[in-house]
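K.L.:
Using my numbering, you'd call the opening residue of the sequence shown number 1 and step up by one each time. Using N, Cα and C, we set each Cβ at its ideal position, and we do this for glycine too.
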Amino acid sequence: ILEVVSANGGHLSSSLGAVELIVGMHALFDCQKNPFIFDTSHQAYAHKLLTGRFESFSTLRQFQGLSGFTKPSESAYDYFIAGHSSTSVSIGVGVAKAFRLKQALGMPIALLGDGSISAGIFYEALNELGDRKYPMIMILNDNEMSISTPIGALSKALSQLMKGPFYQSFRSKVKKILSTLPARVNYLA
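#1: So, using beta-carbon positions, are Thr59 and Tyr77 closer together than 7 Å?
#2: For Ala189, which residues from the same chain have a beta carbon less than 8 Å from its beta carbon, with the 5 sequence-adjacent residues on both sides left out?
#3: Would you check if the segment 112-122 and the segment 132-140 touch, i.e. whether three or more CB-CB distances between them fall below 8 Å?
#4: Which same chain residues end up closer than 7 Å to Arg53 when comparing Cβ atoms and leaving out the 5 residues on each side of it in sequence?
#5: Taking the alpha carbon of Met25 as the reference point, which residue from Arg100, Ala110, Ser88 has its own alpha carbon closest?
#6: In whole angstroms, what separates the C-alpha of Val89 from that of Ser15?
#7: Around the C-beta of Met162, are 16 or more other C-beta atoms found within 10 angstroms, so that it is buried, or is it exposed?
#8: My understanding is that Val23 touches Ala46, with C-beta atoms under 8 Å, so please give their C-beta distance in whole angstroms.
#9: Roughly how many angstroms separate the alpha carbons of Leu2 and Phe36, rounded to a whole number?
#10: According to the neighbour-count rule (16 or more other Cβ atoms, all chains shown, within 10 Å of its Cβ), is Gly130 buried or exposed?
#11: Which residue or residues does DSSP assign as beta-bridge partners of Ile139?
#12: What does Ile37 pair with, by DSSP beta-bridge criteria?
#13: Go through its chain and collect everything with a Cβ distance to Gly106's Cβ below 6 Å, but skip five positions before and after it.
#14: Look at the alpha carbon of Ala153 and the alpha carbon of Gln62, and state the distance between them as a whole number of angstroms.
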């Protein structure tokens, strides 16, 4: 990823920041049965490498080469095209609804960054998921690398909650539990 993005341009930090998450997603889930939906999809370079595009990866962002984003016409493992932040959960809701209507097995798996949780579309999708009880997995890449600083009452309230004793105690207990698991399970968690 580093070599190709250095030569061709692209989204280096967002891609490198999601490598372990994407490897874990591929280790745990079948992405054809459970489509991976990437927020903006500029962090999906590892996904491209793991889904048969290793040999052509050097053509990333080149004329007639691989797209810098997910692209269904490029691979059956790419479920949609996205170029805007905060869309993965709402797209996942649509996929989950389609699965339910078709009585298909599987569920969408959305990977979103922490910058996405300040967008209204994210909360609208959460509301719909809760109301309709659609099955979906959301993975939050909370790396504090949002392009702009989150603002507003909700952001302040969530920040205070995360700094508070309840969350800190909960986080500490989860880490303690995870440390008792076998190394491979702990690594994937």
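P.N.:
In short:
#1: Position 59 of the sequence shown holds residue 59. Position 77 of the sequence shown holds residue 77. Not a contact, by the Cβ cut-off of 7 Å.
#2: Here residue 189 corresponds to residue number 189 of the sequence shown, with the count starting at 1. Any answer about Ala189 is weak, because its pLDDT of 44 lies below 50 and its placement is not dependable; what the coordinates show is given next. If we look at Ala189 and ignore the five residues flanking it on each side, its Cβ neighbours are Leu178, Leu181.
#3: A contact exists between the segment 132-140 and the segment 112-122.
#4: By 1-based counting over the sequence shown, the position of residue 53 is 53. Listed in chain order, the non-local C-beta contacts of Arg53 below 7 Å within the same chain comprise Leu66, Ser75, local neighbours out to five positions each way being set aside.
#5: Position 25 of the sequence shown holds residue 25. Put simply, of Arg100, Ala110, Ser88 the residue whose alpha carbon is nearest the alpha carbon of Met25 is Ala110.
#6: On the sequence shown, position 89 is the one that residue 89 refers to. On the sequence shown, position 15 is the one that residue 15 refers to. One C-alpha to the other measures close to 19 Å.
#7: Here residue 162 refers to the residue found at position 162 when the sequence shown is read from its first residue. With a threshold of 16 other beta carbon atoms within 10 Å, Met162 falls short and is exposed.
#8: As a first step, residue 23 must be located in the sequence shown, where it is residue number 23. As a first step, residue 46 must be located in the sequence shown, where it is residue number 46. Correct: roughly 6 Å between the Cβ atoms.
#9: Locating residue 2 in the sequence shown gives position 2, counting from the first residue. Locating residue 36 in the sequence shown gives position 36, counting from the first residue. Each residue's alpha carbon lies about 23 Å from the other.
#10: Mapped onto the sequence shown, residue 130 falls at position 130. That one is exposed.
#11: As a working note, residue 139 is residue 139 in the sequence shown. Looking at the DSSP output, Ile139 shares a beta bridge with Leu111.
#12: What you label residue 37 is simply residue 37 of the sequence shown in a count that begins at 1. Per the DSSP secondary-structure output, Ile37 pairs in a beta bridge with Ala110.
#13: Locating residue 106 in the sequence shown gives position 106, where the first residue counts as 1. Lys33, Asn34, listed in sequence order.
#14: Working through the sequence shown from its first residue, we reach residue 153 at position 153. Working through the sequence shown from its first residue, we reach residue 62 at position 62. Distance between the alpha carbons of Ala153 and Gln62: 43 Å.
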